[in-house]
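Novice: According to this note's numbering, the sequence shown is numbered sequentially starting from 2.
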Amino acid sequence: MSVEVLGALLLGLGYLALLLGCAMAVERGWVPLHISRHPAVYTLALGVYASAWAIYGSVELAANVGFGYLAYYLGAAGAFLLAPVLLVPIQRITRTYQLASLADLFAFRFRSRWAGTLVTFVSLLAVLPLLGIQVKTMSEAFNLFTQSQAGPTVALSFCTAIAALAVMLGARHSHVHSRHNSLLSTIAIESIVKLLAMLGLGAVALWLVFSGPGDVQQWLEGPGYLAQAQTARFDPAQWRTLLLLFFAAAFMMPHLFHITFAENLSRHTLLQASWTLPLFLLLMALPVPLIWWAAQSVNDEIPMSAYAAYALSEHWWVGALAFIGGLAAASGTMMLIALALSGMVLNHIVLVARPPEARSDLYGWLLWLRRGLVVGVIISGWLFYQWIGRHHPLTNLGLAAFVGMAQCLPGMLALLYWPGANRKGMVTGLIGGIAVWLWWLWLPLVAGYAPRALPLTPLTPADAPAWYGVTLLSLSLNILLLIVVSLFTRTSEGEKSAAEACSVDAVIRSKRLPLEAATAGDFSAHLAQALGDDAARREVDRALKALNLTPQERRPYALRRLRDRIQANLSGLMGPSVARDIVDRYLPYRHDDAPITDDIHFVESRLEAYRSRLTGLARELDGLRRHHRQTLAYLPVGLCVLGDDDELVMWNQALSQLSGISGESVIGSRRDSLPDPWPKLLGSVLSEGSSPLYKQAVQLHGKDYFLTLHIAVLSGHDSRGGSVILVEDHTEMKWLEDELVHAARLASIGQLAAGVAHEIGNPITGISSLAQNLRYDTQDPALLETADHIQQLTQRVTKIVNSLVGFAHAGGPTPALPSSPVTLKSITDDALHLIHLARSGEDVTFTNACAEALVVQGDAQRLTQVMVNLLSNARDACAPTGTVYISAGEQAGQAWWCVTDDGQGIDPTIRDHLFEPFTTTKAAGEGTGLGLSLAYQIINEHQGRIEVASPPPGASRGTAITLWLPLYQQDDQPTHV
2 MSVEVLGALL LGLGYLALLL GCAMAVERGW VPLHISRHPA VYTLALGVYA SAWAIYGSVE
62 LAANVGFGYL AYYLGAAGAF LLAPVLLVPI QRITRTYQLA SLADLFAFRF RSRWAGTLVT
122 FVSLLAVLPL LGIQVKTMSE AFNLFTQSQA GPTVALSFCT AIAALAVMLG ARHSHVHSRH
182 NSLLSTIAIE SIVKLLAMLG LGAVALWLVF SGPGDVQQWL EGPGYLAQAQ TARFDPAQWR
242 TLLLLFFAAA FMMPHLFHIT FAENLSRHTL LQASWTLPLF LLLMALPVPL IWWAAQSVND
302 EIPMSAYAAY ALSEHWWVGA LAFIGGLAAA SGTMMLIALA LSGMVLNHIV LVARPPEARS
362 DLYGWLLWLR RGLVVGVIIS GWLFYQWIGR HHPLTNLGLA AFVGMAQCLP GMLALLYWPG
422 ANRKGMVTGL IGGIAVWLWW LWLPLVAGYA PRALPLTPLT PADAPAWYGV TLLSLSLNIL
482 LLIVVSLFTR TSEGEKSAAE ACSVDAVIRS KRLPLEAATA GDFSAHLAQA LGDDAARREV
542 DRALKALNLT PQERRPYALR RLRDRIQANL SGLMGPSVAR DIVDRYLPYR HDDAPITDDI
602 HFVESRLEAY RSRLTGLARE LDGLRRHHRQ TLAYLPVGLC VLGDDDELVM WNQALSQLSG
662 ISGESVIGSR RDSLPDPWPK LLGSVLSEGS SPLYKQAVQL HGKDYFLTLH IAVLSGHDSR
722 GGSVILVEDH TEMKWLEDEL VHAARLASIG QLAAGVAHEI GNPITGISSL AQNLRYDTQD
782 PALLETADHI QQLTQRVTKI VNSLVGFAHA GGPTPALPSS PVTLKSITDD ALHLIHLARS
842 GEDVTFTNAC AEALVVQGDA QRLTQVMVNL LSNARDACAP TGTVYISAGE QAGQAWWCVT
902 DDGQGIDPTI RDHLFEPFTT TKAAGEGTGL GLSLAYQIIN EHQGRIEVAS PPPGASRGTA
962 ITLWLPLYQQ DDQPTHV
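#1: Where DSSP assigns a beta bridge to Tyr590, which residues make up the other side?
#2: Among the candidates Leu633, Gly722, His731, whose CA atom is the shortest distance from the CA of Ala698?
#3: With the cut-off set at 7 Å, would you say Arg671 and Asp645 are in Cβ contact?
#4: Quick check on Ile939: buried or exposed, where buried means 16 or more other Cβ atoms within 10 Å of its Cβ?
#5: So, are the CB atoms of Ile907 and Ser951 less than 7 Å apart?
#6: Expressed to the nearest angstrom, what Euclidean distance is found between the alpha-carbon atoms of Ser934 and Glu917?
#7: Around the Cβ of Gly13, are there at least 16 other Cβ atoms within 10 angstroms (buried) or fewer (exposed)?
#8: Where does the unbroken beta strand (DSSP E) through Arg946 begin, and where does it stop?
#9: Sort out for me which residues DSSP pairs Tyr226 with in a bridge.
#10: In terms of residues, what are the limits of the alpha helix (DSSP H) holding Asp535?
#11: For the 8 Å Cβ check, are there 3 or more pairs between the segment 254-271 and the segment 42-54?
#12: Spatial neighbours of Val857 within its chain, please: CB distance less than 7 Å, with the 5 preceding and 5 following residues excluded, ordered by chain position.
#13: Please confirm whether Asn479 and Gly434 have their CB atoms less than 7 Å apart.
#14: By DSSP, does Asp673 sit in helix, in strand, or in coil?
#15: Beta-carbon within less than 6 Å of Val714's beta-carbon, same chain only, minus the 5 sequence neighbours each way: which residues are those?
#16: For Gly812, collect the residues of the same chain with a Cβ closer than 6 Å to its Cβ; drop the 5 residues on either side in sequence, then sort them by chain order.
#17: Evaluate Ile36 with the Cβ neighbour count: other Cβ atoms within 10 Å of its Cβ, from every protein chain shown; 16 or more gives buried, anything less gives exposed.
#18: Would DSSP call Met651 helix, strand or coil?
#19: Taking one C-beta from the segment 340-350 and one from the segment 364-383 each time, how about it: are there three or more such pairs within less than 8 Å?
#20: Given this structure, state the Cα-to-Cα distance separating Ser298 from Val353, to the nearest angstrom.
#21: Can you give me the Cβ contacts of Leu126 inside the same chain, cut-off strictly under 7 Å, excluding the 5 residues immediately before and after it?
#22: By Cβ distance below 6 Å, which residues in the same chain neighbour Ala24 in space, the five residues on each side in sequence not counted?
#23: So Pro279 and Phe81 are in contact, right, with Cβ under 8 Å, and what is the actual spacing, rounded?
#24: Nearest to Lys696 by CA position, among His702, Leu708, Gly690, is which residue?
#25: Quick check on Ser888: does DSSP put it in helix, strand or coil?
#26: Hey, quick one: how far does the alpha helix (DSSP H) through Ser74 stretch, first residue to last?
#27: Going by DSSP in three states, Gln862 sits in which element: helix, strand or coil?
#28: In the DSSP assignment, what residue or residues form a beta bridge with Leu727?
#29: Using only the alpha-carbon positions, how far apart do Leu855 and Cys879 sit?
#30: Which ranges does the alpha helix (DSSP H) cover as unbroken runs of at least 4 residues, wholly within the segment 275-358, from first to last along the chain?
#31: Pick helix, strand or coil for Trp115, following the three-state DSSP scheme.
#32: Let me make sure I understand the geometry here. Which of Ala655, Gly117, Gly15, Leu683 has the alpha-carbon closest to that of Pro577?
#33: Tell me the DSSP secondary structure of Asp830 in three-state form.
#34: Report yes if the C-beta distance between Ser140 and Pro153 is below 7 Å; otherwise report no.
#35: To the nearest angstrom, how far is the alpha carbon of Phe122 from that of Arg112?
#36: May I ask you to check if the CB of Arg626 is nearer than 6 Å to at least one heavy atom of the ligand HEM?
What follows is the structure, given as structure tokens:
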């Protein structure tokens, strides 16, 4: 089989150009979003784990150790099967704090820029052999495919094209954590290509070389039996160690960490990949032994077992299938490695050595640095192959990379499951493990020297490969140093806080500290010193938009959340170490003398976010917490909780309704930032200690209220301090007390009126008698006219006195409803007479248009009291020169009695509550709100009803109140007087 060099080169470049075309189709929206973001695309993108090792290295490993090659697939499958307890917690941390790489995660957890730098250094050294594998397979596969020696040069051209493709797909935006749909879709397409290539090669082996499964079985039992019997087998311990290496590589290799967490869609998608990715890897693994057996059956000797697929057939398309499959695997891996490593090197080496300055174009500067690093990483892979990789088999290169990356596994497990681990233990353990790996495995690979025997060599089999002993010794030393140093050294407060954030059952206890910045708008000016005006403004605006805040926000709680969000965003841009240094320096906390307490509101918000993931006792306790919280929130009495630093922790619904201030707008703010009169009112009760404040007069919503405040100081060894304040609305009680006092005064006046009436009655009777006698003592017309006037005036005085006495008696106990007839016109006249006694409202015109003969059944005194209340309200509602019209009639066997005024009318919001006690439309001090309530009660006792129309039908203003009363019945016939 021989193919022209130019044809093979154009085939490879054409494939890469096709990938670019697919990426542009996704980028420009030609592919629907529901397809490019489908979970299947993410699963296929995770197939980047199957690098050129899966196409060629697995065949080489199968040739050397038989079915031991399956460790490469089973290790990764095991990592994703443990996604709920291993990968999902990592995803939660990376998404919450915008961590785009393994170095970011270590730097965040161990609060050390050197931890991130060290992990970046390890990743760089470990990935170089893996990059060398990709370039080596491209070069050697090209040589075999074309039967030429142009492989290294062609591989360089492929590397250049892959670097350009990586820059276009993954380094077009400055923010590392932004999701690249086109990149994911491209990697997914490459996964499909290499899967189809492997399945196609397997089909060639099974049906073209062999004649089907039966022929394969016959060959294995016949000519191939001796070859399979001579194949070495892994020792069980070596098999388990190899599984561990591939398990760690599946989510800790830089490119795999990036695709798993930085480009992930959702938690559900990751959980779905826990079974779809193992299925993909199973399909990739199935053809490997078939390819090797078919190559053995065709050729007695295969000098390069990794490329056995090229020996299957003389047909050129078989070689093209293997070549394209290998190129797809290598190009996708190289692109993602370059993108992931460029971000790590930029954030943890370049920016640590040279922190960003206040540049006018910070984003562009970072972007071009990252693009240069992308190209540099890919070219370094080609250089590694040229100088070192071409002299070593794929297995040695791959195992050197996997053993090196496994050194981060103890730190990762401690990061998730051991809050007691600290940076000193992690760094010490990692340095110890790296030292063993470098000296006994990586440097011999690079320098070509034979190291001395490993310590503890007698504990391993004599024929054990070098990678096995190095793995055991390096990981053992790593774990031992991590545990011992962490146990015997101090853990900083920052590490404890980060450990809580990274814990699987994390309940982050943020501290309630004030910031130097007074408002959200001040953040831009502070950050501009480090980022420049444009970058600072963009980062602050982005964080404000994410939190739905405004630049005028002043609440300490909101400012703390804004600070955290900015730090997380900067972490995605330039790494957690640099981001933390910038935020700590330019957005510092203000350390006052007030005690530092936990931010309870933030803790509760996090518990609400993760409530669905709690199980067992934790779920029960959270349910109890929510029950207590709802009890306080829906308590019918106003309640607020203040911390020792005067920060509001709680503001329940009853207090929101009373104050007109929503809890969401004030929780987390200081007491002195509340609207009036609350700062002074709450400050007064706090200064009183445990003593309550009774009936404090305040004005809310333009009305007078009387509030009683009770306080309880929270103390004790389990308490976080603060005070609980209960706010009771005693306005109605205060009005009722005032009305009772007023009623007592009225009762006294009634008693006084009765006494005055008695005292006045005797002289008036005498005057009346003398006036009557005067008629008989003279015939003088003038004197007789004078006697008549005296008689009329004494009758008027008697009527006034009797009306006052009758009205005063109406306040007594309610008697049974009498059956005596009552004339509505006379009742109206009496009520008008009483109204006219008052000086106010003399300019209001009253018209009594009640029918003379309309008689109802009732109590004249109590009905007079009702009419007096209605007329008084109508008079007060009218403007000067207004009119009040009283009418009455009969309808459907009942009498109606209506009072109509031409005033402003009744507010619709009050109309439904008009007859409730203390409901009034008058200004403070001008009405008690009890008159209509009493009128409603009296009419109800008369078996009647009240109707209100405001405005009346056919009128644009005013009010009509209609009373419906039973007609007087005598011998089953209405009586008219």
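Even for Gly, the Cβ is constructed at its ideal location relative to N, Cα and C.
Everything numeric in this text was worked out from a predicted model, so none of it was measured.
Specialist: Once the coordinates are examined:
#1: Leu516
#2: His731
#3: no
#4: So Ile939 ends up on the buried side.
#5: yes
#6: Answer to the nearest angstrom: the Cα atoms are 6 Å apart.
#7: buried
#8: For Arg946, the enclosing beta strand (DSSP E) covers residues 946-950.
#9: None, per the DSSP bridge assignment.
#10: 534-548
#11: Segments in contact, yes.
#12: Cβ neighbours of Val857 beyond the five flanking positions: Val823, Leu825, Ala896, Leu966, Pro967, Leu968, Tyr969.
#13: yes
#14: helix
#15: Ser724
#16: Since pLDDT at Gly812 reaches only 49, below the 50 mark, its modelled position is unreliable, and no value is offered.
#17: Answer is exposed; the Cβ neighbour count stays below 16.
#18: strand
#19: yes
#20: 57 Å
#21: The beta carbon of Leu126 sits closer than 7 Å to those of Gly405, Trp443, all from its chain and outside the five residues before and after it, given in chain order.
#22: Within the same chain, Leu170, Ser183, Thr187 come within 6 Å of Ala24 by CB-CB distance, once the 5 residues on both sides are set aside.
#23: 6 Å
#24: Selected option, being the one with the closest Cα: Leu708.
#25: strand
#26: According to the sequence as given, residue 74 is Tyr; it is not Ser. Segment 72-82, the alpha helix (DSSP H) holding Tyr74.
#27: In this structure, Gln862 counts as helix in the three-state DSSP scheme.
#28: Residue pairing for Leu727: DSSP places it in a beta bridge opposite Leu640, His711.
#29: 28 Å
#30: 288-299, 317-346
#31: helix
#32: Gly117
#33: helix
#34: yes
#35: So the two alpha carbons sit approximately 17 Å from each other.
#36: The ligand HEM is not part of the structure shown, which contains no ligands of any sort.
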